[in-house]
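So the structure is just underneath, and the comments pick up after that.
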Amino acid sequence: MNKKKRLLMLFVLPALSSCGGFSLNYIVEGDKYISYDFKENYYEHWDSELKNAEHKGSYDTTDKRILSYDDIGQIDKNLLIDNPYEDLRSYASTFNLMSVDQSFYYGVQSKLFDGEAYCDGYYQRHRVQSNESGFSVRFSKESDELTYFALQFKATTNNQIDCYKVGSNEKARNDQDMFHNSEIKLTVTLYVKEDAKIVGYDFYSNIAFDDNNTNNGSHYKFYAFDLEEYSLSRLVGFSVTFDILSDDLIEWNETKGVDIDYALFLYEVFFPYTYWH
Amino acid sequence: MRYNMRMPEFRKLSKLHRFGAAISFLAMEIFALIAFSFGSSFVLYGALSLALLILLILFNIKEIKVDGISSIAFFFLPLFLFTIITAFGIYSRSHAYRGDYSTAELVFIPLGILPISFCGYMLRIDKTFKISTFLLVIYSALGVLCLINLGANLINFGPFYNIIYKGYRMYYGGIMSSITVDQMAYVLEGFKFIEVSIEHYILYPVLLLTSSAALFFISPKENKKLFIVYCAFTFVAAISLIFVPKLIGLLMAVLVGIIDLVIFLLKKFTGLRKPAKYVLYAGIIIAGLVYLVMILNKQSALPFGNAIASNGFLNKLFNTNGYVNRYNPLIEDVFSGDKFLGYAVNNSVFQEEVHMSGSFLFDFFMTSGVIGVIAFIFALSNGFLGFKKYFLKCDDDFYIKACLIAFVSFFIIYSATFNDTEYGVFYDIFKPIYMTGPFMLVIFIFSYVLASAGQQVEKIEKVEEVTTNE
Chain A
1 MNKKKRLLML FVLPALSSCG GFSLNYIVEG DKYISYDFKE NYYEHWDSEL
51 KNAEHKGSYD TTDKRILSYD DIGQIDKNLL IDNPYEDLRS YASTFNLMSV
101 DQSFYYGVQS KLFDGEAYCD GYYQRHRVQS NESGFSVRFS KESDELTYFA
151 LQFKATTNNQ IDCYKVGSNE KARNDQDMFH NSEIKLTVTL YVKEDAKIVG
201 YDFYSNIAFD DNNTNNGSHY KFYAFDLEEY SLSRLVGFSV TFDILSDDLI
251 EWNETKGVDI DYALFLYEVF FPYTYWH
Chain B
1001 MRYNMRMPEF RKLSKLHRFG AAISFLAMEI FALIAFSFGS SFVLYGALSL
1051 ALLILLILFN IKEIKVDGIS SIAFFFLPLF LFTIITAFGI YSRSHAYRGD
1101 YSTAELVFIP LGILPISFCG YMLRIDKTFK ISTFLLVIYS ALGVLCLINL
1151 GANLINFGPF YNIIYKGYRM YYGGIMSSIT VDQMAYVLEG FKFIEVSIEH
1201 YILYPVLLLT SSAALFFISP KENKKLFIVY CAFTFVAAIS LIFVPKLIGL
1251 LMAVLVGIID LVIFLLKKFT GLRKPAKYVL YAGIIIAGLV YLVMILNKQS
1301 ALPFGNAIAS NGFLNKLFNT NGYVNRYNPL IEDVFSGDKF LGYAVNNSVF
1351 QEEVHMSGSF LFDFFMTSGV IGVIAFIFAL SNGFLGFKKY FLKCDDDFYI
1401 KACLIAFVSF FIIYSATFND TEYGVFYDIF KPIYMTGPFM LVIFIFSYVL
1451 ASAGQQVEKI EKVEEVTTNE
């Protein structure tokens, strides 16, 4: 190798090593997801491999799920496997994924793994906001066998829109005017590796929200379902989507020609007692 | 007998002298580790410096002379005062109370910095130590560090990311970075790569860039290998700054270029030395006046501030530009109350904490108090006076002198302007300048230079004595 080639290599090597750009997956432009405009904050990222994955099974978790209103942060500790906590804050600070592995620290999705299961006063800075088409999260590591899945979230509508009170011709003026009942079909898809292929398993459940309010901090739902009977392992990601089955505020306002956005605010995702490698 | 000493214990110790080369090698290893800034582990540097000094004293006890020690006394003593006040002053103790420092870190402020300031003298009298090797070692360590850091940035962000992803932010640990991606970079901190401010990243490549000063004095025809090695150092520094382009990096590189050029011109054209001396004095006086005005401007007890605020130009210069706003909150507090030995960080959640400004000229008021600042500036002045003698009279190769001057001058200017003490973007890192590897290297260089200048004066006096006797 002559001298010119050697010198060229010194330039080429750093350029070649730049092919990675790993951290570019974790950066966002400007104030994306932290805008004061409700509509700007939807997290809609879909990993292409997960999006195109074959869906191998679909399971209704309605009969097996744990679903509790969690306005005061209490959970029935006996319903969860090996759970010593009744207080969800303690539960979240122990079982959050960040405390298990460094790989969960990066990206917008890290908001789901940080152990903050409630809005901490930073509003949109803290939550992952999803619309019906949902989003996916791809892990950089794979799990061992899964025990159970848990999700802390709430459902809401866009209170920035000038809308009508349910059953009334008057405009909603305060939080109470926007109380409404709704029901969604929530689908959590877990993507696992089977041989070299990624396949998805859908777990769905109908969830009703009574007297739901848009603005206050109440009506969190803690939703969990057992995974031991499915013997799933090598989890590489998950996705969350939902369908609105009914919502009296949206339906009433549609008759008045007003479109209202419906969103899930997701705060924390748990895979307790799962090892990652 | 070669080691014929009167005191028996000295005779025993002198047998250790045969290991002199090994100790010199150990010293190089330690300097390499310090230059590599291994995890910014100040306690490790401190402990190694202390161990090195003990070994050097054991191996070179015969060579220690009172005259020699006196050459570094005016550097060592104020530094002693500075480190003691800094380590045990209210500022460090309050940080230790908050858990920012461990007790070991506080203890090793004097126990790490003072030994290394004595190592310069000890290694100067050690006949096996070569300053040229020292330079190669520290530049090699910096070169390796720069290449690793550059690789980490290219792998994570890609080349020129500061331009391409301007305005982007990164999510980590559920929160968004307070600074944009173009303001951050990856560096090796211990055993992991972390995101740091760009000001911290550029420190290492620009320190390495000071090796370019040697290229003005090494002849590629006479010493081809050495020339190529220094070219390689400069090249690594340059690519580290080119692939992570930022204005501050460019400014610092230009500064190093100016320092290199001034040294070259002063060597080449001796007639320039006198005017350069006056320019330097004028520069120091102007800088000193600006420094004094900045301090007096923010003392509410004095009418000085009102006079400046009422003048449009002076008001813009000293009060209403982004640059001075970094320093002013800190300066306001300097003389209020009993703060001559530094002052505590604010532990109250209701009051905003005064952060370090990034300039040791102001930060040391907080960490070491007025007495500490005066002591440090006194030590620094003595160090630079030593450089003058070293530059003019010492018999070291000129490329070595040029590199040492460029290294120290750049570091002092950097620490007086753009140093970032809280450089971690997501990690809570707090490292005042005196707890960093480059600072310890600079202290060593000052000590070495002063000892060299002292030795040279001794030699000249001896020659004069012999001439008179003849």
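Note that the protein sequences, when read in sequence, are chains A and B. Everything in the first sequence is counted per the numbering used here, starting at 1 for the first residue and increasing by one. Everything in the second sequence is counted per the numbering used here, starting at 1001 for the first residue and increasing by one. Beta carbons: idealized from backbone N, C-alpha and C, even for Gly.
Inspect the beta-carbon positions of residue i and residue j and report whether they are closer than 8 Å.
i, j, result
"I198 of chain A", "A92 of chain A", "no"
"I1295 of chain B", "A1213 of chain B", "no"
"L1203 of chain B", "Y1414 of chain B", "yes"
"G1288 of chain B", "F1075 of chain B", "no"
"R127 of chain A", "L249 of chain A", "no"
"T189 of chain A", "D210 of chain A", "no"
"E1422 of chain B", "I1433 of chain B", "no"
"P1078 of chain B", "A1282 of chain B", "no"
"F1118 of chain B", "F1042 of chain B", "no"
"V1206 of chain B", "V1196 of chain B", "no"
"D243 of chain A", "E132 of chain A", "yes"
"I1023 of chain B", "F1059 of chain B", "yes"
"A1309 of chain B", "N1319 of chain B", "yes"
"D261 of chain A", "N158 of chain A", "yes"
"Y1045 of chain B", "I1034 of chain B", "yes"
"V1229 of chain B", "L1136 of chain B", "yes"
"C163 of chain A", "A172 of chain A", "yes"
"Y994 of chain B", "V1181 of chain B", "In the structure as shown, chain B starts at 1001 and stops at 1470, and residue 994 of chain B therefore has no counterpart that could be examined."
"G237 of chain A", "Y191 of chain A", "yes"
"L151 of chain A", "Y223 of chain A", "yes"
"F1387 of chain B", "I1405 of chain B", "yes"
"Y1327 of chain B", "S1359 of chain B", "yes"
Does DSSP classify residue i as helix, strand or coil?
i, result
"Q1299 of chain B", "coil"
"D248 of chain A", "helix"
"L1058 of chain B", "helix"
"K5 of chain A", "helix"
"A1406 of chain B", "helix"
"K1431 of chain B", "coil"
"V1349 of chain B", "Low confidence applies here, because V1349 of chain B scores a pLDDT of 49, under 50, leaving its location unreliable and the question unanswered by this model."
"H55 of chain A", "strand"
"N181 of chain A", "strand"
"M1356 of chain B", "coil"
"L1341 of chain B", "coil"
"F1391 of chain B", "helix"
"V1144 of chain B", "helix"
"Y1003 of chain B", "Since pLDDT at Y1003 of chain B reaches only 44, below the 50 mark, its modelled position is unreliable, and no value is offered."
"V1236 of chain B", "helix"
"I81 of chain A", "coil"
"R125 of chain A", "helix"
"Y106 of chain A", "strand"
"F1088 of chain B", "helix"
"A117 of chain A", "coil"
Taking Cβ-Cβ distances shorter than 7 Å, what residues in chain B pair up with residue i?
i, result
"F153 of chain A", "Here the premise fails: no neighbours, minimum Cβ distance about 15 Å."
Chain A partners of residue i, CB-CB under 7 Å?
i, result
"V1181 of chain B", "I27"
How would you list, in chain order, the residues of chain A whose beta-carbon sits under 8 Å from the beta-carbon of residue i?
i, result
"F1227 of chain B", "The premise fails here: F1227 of chain B is roughly 14 Å from chain A at the closest Cβ pair, so nothing lies under 8 Å."
"G1167 of chain B", "E29, G30"
Which partner residues does residue i have in the DSSP bridge list?
i, result
"K171 of chain A", "A:Y164"
"D60 of chain A", "A:Y204"
"T157 of chain A", "A:Y262"
"I27 of chain A", "B:M1170"
"Q152 of chain A", "A:F222, A:E268"
"M1176 of chain B", "B:Y1171"
"V188 of chain A", "A:F203, A:V240"
"W276 of chain A", "A:S143"
Strictly below 8 Å CB to CB, what residues from chain B border residue i?
i, result
"F22 of chain A", "I1155, N1156"
Which residues in chain A sit within 9 Å of residue i, going by Cβ to Cβ distance?
i, result
"Y1172 of chain B", "Y26, Y105, Y106, G107, S110"
So which residues on chain B does residue i lean against when the C-beta distance must stay under 9 Å?
i, result
"M98 of chain A", "G1173, G1174"
Interface positions of the stretch 109-130 of chain A facing chain B (Cβ-Cβ less than 9 Å), listed along the chain: With the criterion set as a beta carbon lying under 9 Å from some beta carbon of chain B, the members of the stretch 109-130 of chain A are Q109, S110, K111, L112, F113, D114, G115, E116, Y122, R125, H126, in sequence order.
Between the stretch 34-52 of chain A and chain B, which residues of the former have a C-beta closer than 9 Å to a C-beta of the latter? So the list reads I34, given in the order they occur along the chain.
Residues from the stretch 1194-1212 of chain B in contact with chain A, defined by Cβ distance under 9 Å: The stretch 1194-1212 of chain B vs chain A, Cβ under 9 Å: E1195.
Note down, in chain order, all residues in the stretch 1138-1165 of chain B with a beta-carbon under 7 Å from any beta-carbon belonging to chain A. Taking 7 Å as the upper bound on Cβ-Cβ separation, chain A lies near residues L1150, G1151, L1154, I1155, N1156, F1157, G1158, P1159, Y1165 of the stretch 1138-1165 of chain B.
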